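Quick notes on the structure that follows.
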Amino acid sequence: MKKFEIAHKKTLTPEIGQISVYAPLVAAKAKAGQFIILRVDEEGERIPLTVSSTSADGLVTVIYQKIGGTTLALDELNEGDCLQDLVGPLGLPTEVENVGRVAVLGGGLGCAIALPVARALHEAGNQVDLIGGFKTKSIVILEEEMSHACTDLHICTDDGTYGYHGFVTGKLEELIKSGVKFDRVFAIGPLLMMKFACRLTAQYNIPTTVSMNPIMIDGTGMCGCCRLTVGGEVKFACVDGPDFDGHKVDFDEVIARNATYRDFEAKAKEKHLCRLGGGAMNG
Ligand SMILES: Cc1cc2nc3c(=O)[nH]c(=O)nc-3n(C[C@H](O)[C@H](O)[C@H](O)COP(=O)(O)OP(=O)(O)OC[C@H]3O[C@@H](n4cnc5c(N)ncnc54)[C@H](O)[C@@H]3O)c2cc1C
Ligand code: FES
35 MKKFEIAHKK
45 TLTPEIGQIS
55 VYAPLVAAKA
65 KAGQFIILRV
75 DEEGERIPLT
85 VSSTSADGLV
95 TVIYQKIGGT
105 TLALDELNEG
115 DCLQDLVGPL
125 GLPTEVENVG
135 RVAVLGGGLG
145 CAIALPVARA
155 LHEAGNQVDL
165 IGGFKTKSIV
175 ILEEEMSHAC
185 TDLHICTDDG
195 TYGYHGFVTG
205 KLEELIKSGV
215 KFDRVFAIGP
225 LLMMKFACRL
235 TAQYNIPTTV
245 SMNPIMIDGT
255 GMCGCCRLTV
265 GGEVKFACVD
275 GPDFDGHKVD
285 FDEVIARNAT
295 YRDFEAKAKE
305 KHLCRLGGGA
315 MNG
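In terms of the working numbering, the sequence shown opens at residue 35 and continues consecutively.
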């Protein structure tokens with residue numbers, strides 16, 4: 035198999051894809067919570083994606099949401115195609131200790147990142163409640179994989195079409211109020227979901243780890259693009275994280291910074307979709 039060749043590709047939902055890429059050195063080292071940075075082609079943007087799983091035969095699996103120019107271009111590749119490049123594993127692994135009973139919250143695509151974290155915590159002997167939230171039943175992903183990675187899986191949907199009717203924070207609060215004592219919570223997903231999860235766990239004094247996903251460029255602590263404020267100190271998510279103490283993160287600052295390139299990103303997506311439309315017409 036060639037370097038960075040796509041060995042397997044799978045469509046999880048119309049918006050979410052999964053690829054397994056041949057990168058044996060990365061596969062041998064990556065731990066839960068770490069990520070890679072890849073480029074689709076020579077002129078492509080570098081994008082970070084979390085390692086969802088690795089295999090003994092050198093494959094690194096990532097799950098991506100087709101949200102803009104680069105992820106749409108990634109999704110055009112097929113089995114047998116090669117990525118331009120891929121570096122990793124980057125970031126610090128999630129701290130995995132046996133603390134007792136933990137809740138792992140995944141919001142939407144965040145479930146793909148929560149899955150290896152839940153699996154590692156479960157293998158370390160914790161009782162793990164994995165709470166996965168989705169807008170609606172038709173976009174639930176990885177249900178079977180998540181069920182094997184925890185003690186109890188709770189699927190939630192915003193519209194009540196499947197599982198618990200409501201947000202992951204609602205399910206977490208329900209469990210806490212029913213008497214469950216969580217020793218730690220991990221929240222992984224959209225910034226707003228992590229912010230509100232931390233607000234809830236602060237009320238109950240439950241230590242909470244969040245996985246931060248600010249915009250990254252080099253992923254090695256050089257450009258400063260991924261900086262965020264944690265406990266009043268400037269941190270770089272790519273080298274000091276991506277996991278941080280959620281009760282100390284300044285979420286409002288990260289939310290504002292992540293919107294910086296919105297116009298540029300919209301143009302890049304439009305350009306990519308126009309190119310696809312043009313290609314289809316020519317073909
Ligand atoms: C540590 C980390 C792990 C991540 N893991 C995953 C994952 O497993 N699966 C997944 O689908 N996404 C993940 N992301 C987000 C992913 O990197 C972005 O969705 C991707 O870069 C979007 O690029 P685009 O060109 O397709 O879309 P764009 O239109 O360029 O961007 C869409 C949105 O993605 C975010 N984004 C854009 N560029 C970057 C960048 N260079 N770094 C970080 N965020 C960016 C912004 O919030 C932006 O609004 C992760 C981000 C970080 C920082
Ligand atoms: S991505 Fe450049 S310093 Fe973190």
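All C-beta atoms, glycine included, are put in the ideal place defined by N, C-alpha and C.
Keep in mind the model is a prediction, meaning the values are calculated, not measured.
Item                                                                                                                                                      : Value
Run the proximity test for Met250: is its beta-carbon closer than 7 Å to any non-hydrogen atom belonging to ligand 1?                                     : yes
Cα separation between Gly253 and Leu124?                                                                                                                  : 7 Å
Between which residues of its own chain and Lys37 is the CB-CB distance below 8 Å, once the five residues before and five after are set aside?            : Tyr56, Ala57, Cys116
Under 8 Å by Cβ, that's how I've got Gly140 and Gly223 pegged, so tell me the actual separation to the nearest angstrom.                                  : 6 Å
Return helix, strand or coil for Val219, following the three-state DSSP convention.                                                                       : strand
From Ala314 to Pro82, what distance separates their C-alpha atoms?                                                                                        : Confidence is the limiting factor: at Ala314 the pLDDT is only 36, short of 50, which leaves the residue's position unreliable and the question unanswerable from this model.
Indicate the three-state DSSP secondary structure (helix, strand or coil) for Ser212 in the structure shown.                                              : coil
DSSP three-state label for Gln68, please.                                                                                                                 : coil
Let me make sure I understand the geometry here. Which of Pro48, Ala41, Met35 has the alpha-carbon closest to that of Ile173?                             : Pro48
Closer than 7 Å to a non-hydrogen atom of ligand 2 - does that hold for the CB of Phe69?                                                                  : no
At a cut-off of 7 Å, would you count Gln118 as near ligand 3, judging by its Cβ distance to the nearest heavy atom?                                       : With respect to ligand 3, the structure shown offers nothing to examine, as its ligands consist of ligand 1 and ligand 2.
Taking Gly51 as part of the beta strand (DSSP E), name the residues at either end of that continuous run.                                                 : 50–56
Give the range of the alpha helix (DSSP H) segment to which Pro150 is assigned.                                                                           : 144–157
By DSSP, does Gly317 sit in helix, in strand, or in coil?                                                                                                 : Confidence at Gly317 is low in this model, with a pLDDT of 25, below 50, so its placement is unreliable and the value that follows should be read with caution. Looking at Gly317 - three-state DSSP - the assignment turns out to be coil, as it is neither helix nor strand.
Taking the beta strand (DSSP E) that Glu179 belongs to, which residues open and close that run?                                                           : Glu179 -> not in any beta strand (DSSP E); alpha helix (DSSP H) instead, spanning 177–182.
Check whether the region 233–240 and the region 251–265 are in contact - that is, three or more C-beta pairs closer than 8 Å.                             : no
With DSSP as the reference, label Gly312 as helix, strand or coil.                                                                                        : Because Gly312 sits at a pLDDT of 45, beneath the cut-off of 50, its placement in the model cannot be relied upon, and the point is left open.
Which whole-angstrom value describes the C-beta separation of Asp94 and Thr88, a residue pair presumed to lie in contact below a C-beta threshold of 8 Å? : With the sequence shown as reference, residue 94 is identified as Val, and Asp is not the correct amino acid for it. Between Thr88 and Val94 the Cβ distance is about 6 Å, and since that is below 8 Å, they are a contact.
Within 10 Å of its beta-carbon, does Val268 have 16 or more other beta-carbons around it, so buried, or fewer, so exposed?                                : exposed
Since Thr203 and Ala231 should fall inside the 8 Å C-beta cutoff, what is the C-beta to C-beta distance between them, to a whole number of angstroms?     : 5 Å
Does the Cβ of Met35 lie closer than 7 Å to at least one heavy atom of ligand 2?                                                                          : no
Given that a residue counts as buried once 16 or more other Cβ atoms are within 10 Å of its Cβ, and exposed if not, what is Gly159?                       : exposed
Can you give me the C-alpha to C-alpha distance between Thr135 and Leu149, rounded to a whole angstrom?                                                   : Strictly speaking, residue 135 in this sequence is Arg, with Thr absent from that position. So the alpha carbons of these two residues sit roughly 16 Å apart.
Quick one: Cα of Met180 to Cα of Pro248, how far?                                                                                                         : 25 Å
When you compare only the Cα positions, how much space is there between Phe216 and Leu187?                                                                : 15 Å
Put Thr47 into one of helix, strand or coil per three-state DSSP.                                                                                         : strand
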